[in-house]
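Presented below is the structure to which this report refers.
Protein chains: 2
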Amino acid sequence: MKSEHSVPTMKDVAREAGVALGTVSKVVNGIPVGESYRLRVEEAIKKLNYQVNSYAQGLKANKTYTVALLLPNTEDPFFASLAYHINLSLLKRRYRMLLCCTVNSDQEQEYITMAQQNKVDGIIGLTYNPNLQIEENTPFVAIDRSMGSKIPCVASDNFAGGQLAAEKLADLGCTNVAFLRIGSSLDNEPNKRKAGFENGCLSRGLSYKMKILNDGEPFEEFTRFLSEHIHDGRLSFDGIFCVTDRLAYLIIKTLRQLNLRVPEDVQVIGFDGIRVFPGAEHVCSTIVQPVPEIAEMCVNLLLQENISAKPPLVCLPVTYVSGGTTREGEI
Amino acid sequence: MKSEHSVPTMKDVAREAGVALGTVSKVVNGIPVGESYRLRVEEAIKKLNYQVNSYAQGLKANKTYTVALLLPNTEDPFFASLAYHINLSLLKRRYRMLLCCTVNSDQEQEYITMAQQNKVDGIIGLTYNPNLQIEENTPFVAIDRSMGSKIPCVASDNFAGGQLAAEKLADLGCTNVAFLRIGSSLDNEPNKRKAGFENGCLSRGLSYKMKILNDGEPFEEFTRFLSEHIHDGRLSFDGIFCVTDRLAYLIIKTLRQLNLRVPEDVQVIGFDGIRVFPGAEHVCSTIVQPVPEIAEMCVNLLLQENISAKPPLVCLPVTYVSGGTTREGEI
């Protein structure tokens, strides 16, 4: 006997939507169906306030409808934005997201093991530990770092972004530019920004110098590098590409302390597309990473059933946005 | 028969640590034990690489060792910091955290229902929907908003923070100040900043004016308000308290567009303690919310077994930090 106020079942949803039970199941489980079917099922789900009991469903299907996201933290604005958009991409497919912030790279292995033992359906990870062990039966999608041919990697097109930065500086009238980098020396995707920038400089005839620090080297090395290139109060560079907006932010402060005006004396372009607050302007002129598209791609690749069809590396297009540290107005 | 490489069990941990099995169980489940016991157990867990199988454990104990966090998003820097610290507080107790970003307040009820059906052990929520229904058997801790006597609310001491802002402006030589607010008119904890500020102004003899906008009212109302208080190029306020750092950030931009210098012509204090990047300076002089302490308190209250002992409202102390939009140097 069914009471008037019983919890709606998948059958009720199928009846309401006028589709087969299997179609509802597919939609609920994130398996592609025709757009019009998906919309009808989603409408019925909403109307009946049908709730997937993922826990019970997990026991039955040996699925948990849960995905773990490994990130260093959510305080860095780029990671914060990734966490938000991956969360939205999962929730709209009725998957739950476990957030695992990895204070240091030692914890990455611990959380991956934990996630596997908790039988998550997959893991999306932005990790730094070069020796991570990932069991083959746990689907994994890596962000920004290739981890072998069986694990898809999703990233911005970092090479094209570096090249775009050089081209923009050339368009903006620069002739003598610098590339500044600090960070992990791990062989990861963002490190392609350098090669792309060099390529752009060469193709546009820009002279360039590079100053590259590894994690742990003092920031003052940049200050010294810049000071060494000041003669009679003038910086010999008219453009600087910084490998992240965070670095650009610090470099702009340093330039101002050295009595150089940005963008009048030197134009600066960063990378990432960070804003102080959502909706506020960018912190600098920047190559913007397509975070919502990266999130969608990670989730799609992770939940795709046909593993053999998964591409090893997906690079998504970046865009340039002026953020007040370049001289667009004058051209 | 036990193989050499079998997965370590709780018994192995107890043997390694030299403690009773029950002590290991308590540590693993986040139940307080003596500090020295906890350290020994944690060391043994690390040494043996013991992994709690929360999923199996959940089936046995009817517990999932999972907590859901409801937040509007992780792109706003204050929410991003909350998500990070709550994640750390849960992970160190070996609880998993489901992140549920609620793009709009309609979704809050949906995610709470979903979390309940997924049998999470509890929910921590920073929500705006005034009509949320929460089942009594799901422990819930609210951030920034009282939701009835059975649901503990954790917040900064917003009243004291407002008062501190007024006192600081008085200490910094201001005599005629303004209070600016935009946001939800919901009866929540952050709205006590206004009363605290008024109280501080009265006790220190500051003249003050207030300009309060509701969500949806155009920001230009603030520009008009400020313009109306400029006579012969001078603003009649020498200090402004903005209800958030985000508002302060926008107001400082507006003041500069009105040819007013910050902090020379007018000093500005915000609220929250936002930095552009972790470790960078604050975006303005500000009342800093104790985010790690808020996170710990939420998790402690949520996982505390004895419900009757839970306080209805916990207000945690705030601090003032100069961030370049006030004139500390001159005093």
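Residue numbers (our numbering), protein chains in the order written: chain A, 3 to 333; chain B, 3 to 333.
Glycine included, C-beta positions come from ideal geometry on N, C-alpha and C.
Would you give the residue range spanned by the beta strand (DSSP E) that serine 186/B belongs to?
Here residue 186/B is taken as the residue at index 184 of the second sequence, counted from 1. First-last for serine 186/B: undefined, no H or E at that position.
At a cut of 8 Å, does the stretch 108 to 118 of chain B reach the stretch 317 to 332 of chain B through at least three beta carbon pairs?
no
For asparagine 201/A and chain B, any beta-carbon pair shorter than 8 Å?
Looking up residue 201/A in the first sequence gives position 199. No, asparagine 201/A lies away from the interface with chain B (no Cβ there is under 8 Å from its Cβ).
With DSSP run on the structure shown, which of helix, strand or coil describes valine 323/A?
What you label residue 323/A is simply residue 321 of the first sequence in a count that begins at 1. Strand.
Going by DSSP, what residue range makes up the alpha helix (DSSP H) through glutamine 109/B?
The sequence position of residue 109/B within the second sequence is 107, counting from 1. It spans 108 to 119 - the alpha helix (DSSP H) in which glutamine 109/B sits, taken as one unbroken run.
What is the rounded straight-line gap between the Cα of alanine 180/B and the Cα of isoleucine 136/B?
Looking up residue 180/B in the second sequence gives position 178. Looking up residue 136/B in the second sequence gives position 134. Taking the straight line from one Cα to the other gives about 39 Å.
May I ask you to verify whether the stretch 267 to 277 of chain B touches the stretch 232 to 247 of chain B, counting CB pairs closer than 8 Å and requiring at least 3?
yes
Roughly how many angstroms separate the alpha carbons of isoleucine 253/A and glutamate 223/A, rounded to a whole number?
Along the first sequence, read from residue 1 onward, the residue named residue 253/A stands at position 251. Along the first sequence, read from residue 1 onward, the residue named residue 223/A stands at position 221. Separation of isoleucine 253/A and glutamate 223/A (C-alpha to C-alpha, rounded to the nearest whole angstrom) is 11 Å.
Answer yes or no: do arginine 183/A and isoleucine 145/A have a C-beta to C-beta separation smaller than 8 Å?
For this step, residue 183/A is matched to residue 181 along the first sequence. For this step, residue 145/A is matched to residue 143 along the first sequence. No, the pair does not count as a contact, with Cβ atoms beyond the cut-off.
Within 10 Å of its beta-carbon, does glutamine 259/A have 16 or more other beta-carbons around it, so buried, or fewer, so exposed?
Here residue 259/A refers to the residue found at position 257 of the first sequence. Its Cβ having fewer than 16 others within 10 Å, glutamine 259/A is exposed.
Roughly how many whole angstroms lie between the Cα atoms of tyrosine 251/B and valine 278/B?
The sequence position of residue 251/B within the second sequence is 249, counting from 1. The sequence position of residue 278/B within the second sequence is 276, counting from 1. About 11 Å.
Between Cys286/A, Glu219/A, Tyr52/A, Phe227/A, which has its C-alpha nearest methionine 246/A's C-alpha?
Locating residue 246/A in the first sequence gives position 244, where the first residue counts as 1. Here residue 246/A is threonine; the residue named in the question, methionine, does not match the sequence. Comparing Cα positions, the closest option is Cys286/A.
Who are valine 43/B's beta bridge partners in DSSP?
Position 41 of the second sequence, counting from 1, holds the residue named residue 43/B. BP columns for valine 43/B are empty, so no partner.
Helix, strand or coil for lysine 13/A, going by three-state DSSP, please let me know.
Walking along the first sequence from the start, residue 13/A turns up at place 11. In this structure, lysine 13/A counts as helix in the three-state DSSP scheme.
Can you tell me whether glutamate 77/A is buried or exposed? The criterion is at least 16 other CB atoms within 10 Å of its CB, across all chains shown.
Against the first sequence, residue 77/A aligns to sequence position 75. Buried is the call here.
Are valine 29/B and arginine 17/B closer than 8 Å when you measure CB to CB?
Within the second sequence, residue 29/B is the residue found at index 27, counting from 1. Within the second sequence, residue 17/B is the residue found at index 15, counting from 1. It is not a contact, given that the beta carbons lie outside the stated cut-off.
Answer yes if the stretch 156 to 169 of chain B comes into contact with the stretch 198 to 216 of chain B, meaning at least three C-beta pairs across the two stretches below 8 Å, and no otherwise.
yes
Below 6 Å CB to CB, which residues in the same chain sit around threonine 225/B once its five sequence neighbours on both sides are set aside?
Taking the first residue of the second sequence as position 1, residue 225/B is located at position 223. For threonine 225/B, where only same-chain residues beyond five positions count, the Cβ hits under 6 Å are Thr256.
Just to make sure I have the definition right: I need the residues of chain A whose C-beta is within less than 7 Å of the C-beta of alanine 82/B. Which are they?
The residue given as residue 82/B occupies position 80 in the second sequence. Ordered by position in chain A, the residues that pass the 7 Å Cβ test against alanine 82/B are Thr76, Glu77, Ala82.
For chain A, is any of its Cβ atoms less than 8 Å away from the one on leucine 93/B?
Looking up residue 93/B in the second sequence gives position 91. Answer yes: the Cβ-Cβ gap between leucine 93/B and chain A drops below 8 Å somewhere.
Per the contact definition of three or more C-beta pairs closer than 8 Å, is the stretch 284 to 298 of chain A in contact with the stretch 91 to 102 of chain B?
no
Mapping the DSSP letters down to three states, classify phenylalanine 224/A as helix, strand or coil.
Position 222 of the first sequence, counting from 1, holds the residue named residue 224/A. Of the three classes helix, strand and coil, the one that applies to phenylalanine 224/A here is helix, per DSSP.
With distances taken from CA atoms, which of Asn51/A, Asp173/A, Gln306/A is nearest serine 324/A?
Looking up residue 324/A in the first sequence gives position 322. Among Asn51/A, Asp173/A, Gln306/A, the Cα nearest to that of serine 324/A is on Asp173/A.
Listed from N- to C-terminal order along the chain, which residues in the stretch 234 to 254 of chain B have their beta-carbon within a distance smaller than 7 Å of any beta-carbon of chain A?
Arg248, Tyr251
When burial is assigned at 16 or more other CB atoms within 10 Å of the CB, is glutamate 138/A buried or exposed?
For this step, residue 138/A is matched to residue 136 along the first sequence. Looking at its Cβ environment, which holds fewer than 16 other Cβ atoms inside 10 Å, glutamate 138/A is exposed.
Is it the case that the Cβ atoms of leucine 318/A and serine 205/A are separated by a distance below 8 Å?
Residue mapping note: residue 318/A aligns to position 316 of the first sequence, counting from 1. Residue mapping note: residue 205/A aligns to position 203 of the first sequence, counting from 1. Cβ atoms of leucine 318/A and serine 205/A: not closer than 8 Å.
Compute the Euclidean distance between the alpha carbons of methionine 12/A and cysteine 300/B, then round it to the nearest angstrom.
Reading the first sequence from its first residue, position 10 is the one you call residue 12/A. Reading the second sequence from its first residue, position 298 is the one you call residue 300/B. Methionine 12/A and cysteine 300/B: Cα-Cα distance of roughly 36 Å.
Is DSSP giving threonine 256/B helix, strand or coil here?
Taking the second sequence and counting its residues from 1, one reaches residue 256/B at position 254. It is helical.
Given a cut-off of 8 Å, decide if isoleucine 242/A and leucine 166/A are closer than it, judged by their beta-carbon atoms.
By 1-based counting over the first sequence, the position of residue 166/A is 164. By 1-based counting over the first sequence, the position of residue 242/A is 240. It is not a contact, given that the beta carbons lie outside the stated cut-off.
Distance, Cα to Cα, leucine 50/B vs valine 43/B?
Indexing the second sequence from 1 puts residue 50/B at position 48. Indexing the second sequence from 1 puts residue 43/B at position 41. About 11 Å.
Is the CB of leucine 128/A under 8 Å away from at least one CB in chain B?
Indexing the first sequence from 1 puts residue 128/A at position 126. So no, leucine 128/A is outside the interface.
When the distance is taken between beta carbons, is leucine 100/A closer than 8 Å to methionine 212/B?
For the purposes of this step, residue 212/B is identified with residue 210 of the second sequence, where counting begins at 1. For the purposes of this step, residue 100/A is identified with residue 98 of the first sequence, where counting begins at 1. The answer is no: Cβ separation not under 8 Å.
If I measure Cβ to Cβ from leucine 188/B and keep anything under 8 Å in the same chain, skipping five residues before and after, which residues do I get?
On the second sequence, residue 188/B is found 186 positions in, with the first residue counted as 1. The residues are Tyr130, Pro132, Arg147.
When the Cα of leucine 134/B is compared with those of Pro10/B, Ile153/B, His231/B, which residue comes out closest?
Start at 1 with the first residue of the second sequence, and residue 134/B comes out as number 132. Among Pro10/B, Ile153/B, His231/B, the Cα nearest to that of leucine 134/B is on Ile153/B.
What's the C-alpha gap between serine 56/A and serine 209/A?
Mapped onto the first sequence, residue 56/A falls at position 54. Mapped onto the first sequence, residue 209/A falls at position 207. Because serine 56/A carries a pLDDT of 48, less than 50, the predicted location of this residue cannot be relied on, and no value is offered for it.
Would you give the residue range spanned by the beta strand (DSSP E) that glutamine 165/A belongs to?
To locate residue 165/A, count along the first sequence from 1; it is residue 163. Careful: glutamine 165/A lies outside any beta strand (DSSP E), inside the alpha helix (DSSP H) at 160 to 173.
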